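Trainee:
Spelled out as C-alpha cells, the structure:
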C-alpha cells in the first residue's frame, strides 16, 4: 500500500537521504491532506491578507471559491456558478474588495454580436450573493474570430478598478481600446475611447497600471520607422523606446519616454507603491534586445513621470559565466568573439520589483525561453503523423539589490535548470519571500545540485526523477547564497507549484505541495 502524502510529509521532517541536507533556516507547518479527485484540483490563489488566503478550485465542470485561514483549514468552499440563466460565462478576474469578493466574467452574445463583461459581488465572510449581476462593459462589432478582450486591474490601495476593452481594428491601423475606471463600489469615475497615435507596427502595448488617483499608465514600446531604424542600427543605438502614456479621462495622453542614452533598455518593469515615486527597473544590453549586460533602476515622479533618480550596474564577465562549465564558458566566449562583442546574459526577464521595509528594492529576474519543435513518426504503411511539442525553459535566477537611496549595490545568481514540455511550465520557476535583509527562494530542483560549486554541471530538474526535491536558496544581505533542501524526503516525489505560492503579510510563504493525486497547503516560517 502506497505511503500517503500526510505520512510522507511527517517523515520528511526528520528523515534525511544521502547527499541531502534539510535546512534549519525554515520550518513548514502543514495543513490537512486533500485529494484532487475528491476535493477538487487547486487552481490558484487570487488574493490574501493577514487573516486568510482565497483560492479557486476546480472539481469536474464546477468552479469553487475556497477561503482558508492561517491555520490552513478551510473556512468555506462554495460553488461559483459560471452558467447564468442559459449563458455560459468565462472567468476574467477574482478580487477581494473590502468585505466583498468581486467576480468578473465575460460572455459572447451571439444575437447582438457583442462581447460583454459582467461583475457579481459576494459576501467575503460566507460567499453569499450581494445584489444581482451587473453588466460593466461590452465590445461591439465582435465576432467568433475576433471578439476583443477585457483586462481588469486594481490600484495599489484597492480603491480604483480599471477595465480595459481591447477592440477590433484593421491590420496596420492604430490600435484601439477603451479605458473605464470605477470606484471600489463600482461607481463610474471616468471612461475614454482611445486610438493610439502610432500605426500598429510601430507601437506594442506591454501593459497598463491604474494609480490610486484613478489615472491610468499605458506601458508600450515605440519602434522607429524603417528608414530611421536602419540609421539607428548603423549608429549602434536602440531602434525602439519605452513609452508611458498617462490618461485621466480629460483628453490626450501625457507621453513620457524612458531612455538611457545608448543602452538598450529591456523588459521594463514598473511598480506603483502605496505612496511615493513610481519604481522602474529591468535589464539593459549593448547590442540588441535579447542579451543583457547589466541592470538598471529608476524612480519616476508620480505626477510628471520624469526620471528623478537612476542607477546602472554592469555585469562582470565573472558574473555572467558563473556556474557555466568550462566547456560552456569557452563556447559562449567564442561566439561573442566571433561577433566582435562582449559576452552577455541571454533571454532574462525581470519578474518582480519589490520594496523592502527599509525603503530599498529587490529586483528579481529569471532566464526564460519558450520554443516549439515538431516530432514526426512514420507508420508501417508509409504514412506519417506529426505533433508539436511545446518547450518551457526556466533557468538561473538573478537577484539585484537596490539600497534605500536608490543605488544598485550588488547582483547575485541562483543556478537552476528546469526544462519541461507540454505543461505550461506548471512546476517551474520560483517562489520568494523577503524577511528583514534576507531573501528566500523556493523551487523544484535536483538533489544533485545541493552542493553545487562554480564550474560544476547543473543537473536538470525532472518531475518524475528520484532526485527531485524542493530547494531553499537563502540570499543574505550581502548577496551570499546558501542552498539547502527545504524538506528531507526519503523519496523525491513531493514538488511545489512555485508560481502559485504567495508571501503573507507576516513574512511567511503560503505554499502548495503535491505528490501524485494528493496535495497539501503549507506555511513556511523563515528564521
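In our numbering, the protein residues as written are 1470 to 1996. Where a beta carbon is used, it is the ideal one built from N, C-alpha and C, also for glycine. This structure is a prediction, so every number in the text was calculated from the model and none was measured.
#1: Please return the same chain residues whose Cβ sits closer than 7 Å to the Cβ of residue 1875, not counting the five positions on each side in sequence.
#2: What distance in whole Å lies between the Cβ atoms of residue 1760 and residue 1717, which are believed to be in contact at a cut-off of 8 Å?
#3: Would you mind stating whether residue 1999 and residue 1884 have Cβ atoms separated by less than 9 Å?
#4: To the nearest angstrom, how far is it from the Cα of residue 1546 to the Cα of residue 1965?
#5: Within its chain, find whatever has a CB closer than 7 Å to the CB of residue 1636; leave out the 5 residues flanking it on each side and keep chain order.
#6: Nearest by alpha-carbon distance to residue 1693: which of 1840, 1710, 1880, 1686 is it?
#7: Roughly how many angstroms lie between the CA atoms of residue 1995 and residue 1954, to the nearest whole one?
#8: Whole angstroms is fine: what's the gap from residue 1864's alpha carbon to residue 1917's?
#9: Would you call the region 1727–1744 and the region 1818–1826 in contact, with 3 or more CB pairs under 8 Å?
#10: Since residue 1739 is in the beta strand (DSSP E), which residue starts that stretch and which ends it?
#11: Beta carbon of residue 1774, beta carbon of residue 1713: below 9 Å?
#12: Can you have a look at residue 1589 and say buried or exposed, based on whether 16 or more other CB atoms are within 10 angstroms of its CB?
#13: Please tell me whether residue 1786 and residue 1811 are closer than 9 Å, where the distance is taken between their beta carbons.
#14: Would you call the region 1840–1859 in contact with the region 1900–1909, where contact means no fewer than 3 C-beta pairs closer than 8 Å?
#15: Threshold first: 3 residues or longer. Then list the beta strand (DSSP E) segments lying entirely within the region 1826–1875, N to C.
#16: Which of the three DSSP states is assigned to residue 1676 in this structure?
#17: Please state if the CB of residue 1606 and the CB of residue 1591 are separated by a distance shorter than 9 Å.
#18: How is the alpha helix (DSSP H) around residue 1818 delimited, first residue to last?
#19: What residue range is occupied by the uninterrupted alpha helix (DSSP H) comprising residue 1807?
#20: Starting from residue 1997, trace the beta strand (DSSP E) in both directions and tell me its first and last residue.
#21: Using a Cβ-Cβ distance under 9 Å, would residue 1809 count as near chain C?
#22: Are the beta-carbon atoms belonging to residue 1584 and residue 1624 less than 9 Å from one another?
#23: Which complete beta strand (DSSP E) runs does the region 1599–1644 hold, if anything under 3 residues is left out?
#24: Taking only runs of the beta strand (DSSP E) that begin and end inside the region 1863–1935, which ones reach a length of at least 3 residues, in chain order?
#25: Report the residue from 1824, 1727, 1719 whose alpha carbon sits nearest the alpha carbon of residue 1741.
#26: Would you report the Cα separation of residue 1598 and residue 1615, rounded to the nearest angstrom?
#27: Closest to residue 1868 by C-alpha separation, out of 1515, 1835, 1815, would be which residue?
#28: Any idea if residue 1626 is buried or exposed, counting beta-carbon neighbours within 10 angstroms, 16 or more meaning buried?
#29: At the level of alpha carbons, what is the spacing between residue 1602 and residue 1969?
#30: Which residue or residues does DSSP assign as beta-bridge partners of residue 1584?
#31: Apart from the five residues just before and just after residue 1963, which ones in its own chain have a Cβ nearer than 6 Å to its Cβ?
#32: DSSP three-state call for residue 1812: helix, strand or coil?
#33: Please report how far the alpha carbon of residue 1990 lies from the alpha carbon of residue 1980, in whole angstroms.
#34: Pop quiz: residue 1424 and residue 1514 are said to be a contact at Cβ under 8 Å. What is the actual Cβ separation, rounded to whole angstroms?
#35: With DSSP as the reference, label residue 1943 as helix, strand or coil.
Mentor: For this structure:
#1: As a first step, residue 1875 must be located in the chain shown, where it is residue number 406. Annotation for residue 1875: 1766, 1768, 1778, 1780 place their beta carbon closer than 7 Å to its own, counting only its chain and skipping 5 residues before and after.
#2: As a working mapping, residue 1717 is identified with position 248 in the chain shown. As a working mapping, residue 1760 is identified with position 291 in the chain shown. About 38 Å separates the two Cβ atoms, so there is no contact after all.
#3: The first residue shown for the chain is 1470 and the last is 1996, placing residue 1999 beyond what the model contains.
#4: One-based indexing of the chain shown puts residue 1546 at position 77. One-based indexing of the chain shown puts residue 1965 at position 496. Whole-angstrom Cα-Cα distance: 22 Å.
#5: Mapped onto the chain shown, residue 1636 falls at position 167. Around residue 1636: 1608, 1617, 1645, 1646, 1647.
#6: For the purposes of this step, residue 1693 is taken as residue 224 along the chain shown, with counting starting at 1. With distances taken between Cα atoms, residue 1693 lies closest to 1710.
#7: Looking up residue 1995 in the chain shown gives position 526. Looking up residue 1954 in the chain shown gives position 485. Straight across, the Cα-Cα distance linking residue 1995 with residue 1954 is about 14 Å.
#8: For the purposes of this step, residue 1864 is taken as residue 395 along the chain shown, with counting starting at 1. For the purposes of this step, residue 1917 is taken as residue 448 along the chain shown, with counting starting at 1. Each residue's alpha carbon lies about 16 Å from the other.
#9: Flag = yes, the region 1727–1744 and the region 1818–1826 touch.
#10: The residue labelled residue 1739 in the question sits at position 270 within the chain shown. Its beta strand (DSSP E) spans residues 1733–1740.
#11: Position 305 of the chain shown, counting from 1, holds the residue named residue 1774. Position 244 of the chain shown, counting from 1, holds the residue named residue 1713. Residue 1774 is a Cβ neighbour of residue 1713, given a cutoff of 9 Å.
#12: Numbered from its first residue, the chain shown carries residue 1589 at position 120. The residue in question, residue 1589, is buried, as its Cβ has 16 or more Cβ neighbours within 10 Å.
#13: Against the chain shown, residue 1786 aligns to sequence position 317. Against the chain shown, residue 1811 aligns to sequence position 342. Yes, Cβ-Cβ distance for residue 1786 and residue 1811 is below 9 Å.
#14: Touching, no, given that fewer than three Cβ pairs across the two stretches are closer than 8 Å.
#15: Contiguous beta strand (DSSP E) elements confined to the region 1826–1875 occur at 1830–1847, 1853–1871, taking only those with 3 or more residues.
#16: Here the question's residue 1676 lines up with position 207 in the chain shown. Strand.
#17: As a position in the chain shown, residue 1591 is number 122, starting the count at 1. As a position in the chain shown, residue 1606 is number 137, starting the count at 1. No; because the gap between Cβ atoms is not below 9 Å, this pair is not in contact.
#18: In the chain shown, counting from the first residue as 1, residue 1818 sits at position 349. First-last for residue 1818: 1817–1824, but that is the beta strand (DSSP E), not the alpha helix (DSSP H).
#19: For the purposes of this step, residue 1807 is taken as the residue at position 338 of the chain shown. Residues 1795–1807.
#20: This structure cannot speak to residue 1997, because the chain is shown only from 1470 to 1996.
#21: Note that chain C does not occur in the displayed structure, where there is just one protein chain.
#22: As a position in the chain shown, residue 1584 is number 115, starting the count at 1. As a position in the chain shown, residue 1624 is number 155, starting the count at 1. No.
#23: Listed in chain order, they are 1618–1623, 1629–1635.
#24: Within the region 1863–1935, the runs of beta strand (DSSP E) that reach at least 3 residues and sit entirely inside it are, in chain order, 1877–1883, 1887–1890, 1900–1904, 1907–1915.
#25: Numbered from its first residue, the chain shown carries residue 1741 at position 272. Between residue 1741 and the set 1824, 1727, 1719, the nearest pair of CA atoms involves 1824.
#26: Sequence index remark: in the chain shown, residue 1598 carries index 129 (1-based). Sequence index remark: in the chain shown, residue 1615 carries index 146 (1-based). Straight-line measurement puts the Cα of residue 1615 at about 33 Å from the Cα of residue 1598.
#27: Taking the chain shown and counting its residues from 1, one reaches residue 1868 at position 399. For residue 1868, the closest alpha carbon among the candidates 1515, 1835, 1815 is that of 1835.
#28: Indexing the chain shown from 1 puts residue 1626 at position 157. Of the residues assessed, residue 1626 falls on the exposed side of the cut-off, its CB having fewer than 16 other CB atoms within 10 angstroms.
#29: The residue you call residue 1602 lines up with position 133 of the chain shown. The residue you call residue 1969 lines up with position 500 of the chain shown. Straight-line Cα distance between these residues: approximately 29 Å.
#30: If you number the chain shown from 1, residue 1584 lands on position 115. Here residue 1584 is bridged, per DSSP, to 1577, 1608.
#31: The sequence position of residue 1963 within the chain shown is 494, counting from 1. Taking C-beta separations shorter than 6 Å and ignoring five residues to either side along the sequence, the partners of residue 1963 in its chain run 1982, 1984, following chain order.
#32: Counted from its first residue, the chain shown places residue 1812 at position 343. Per DSSP, reduced to three states, the secondary structure at residue 1812 is coil, with no helix or strand assignment.
#33: Position 521 of the chain shown, counted from the start, is the residue given in the question as residue 1990. Position 511 of the chain shown, counted from the start, is the residue given in the question as residue 1980. Residue 1990 and residue 1980: Cα-Cα distance of roughly 6 Å.
#34: No answer is possible for residue 1424: it lies beyond the span of the chain, which begins at 1470 and ends at 1996.
#35: Here residue 1943 refers to the residue found at position 474 of the chain shown. The three-state secondary structure of residue 1943, taken from DSSP, is strand.
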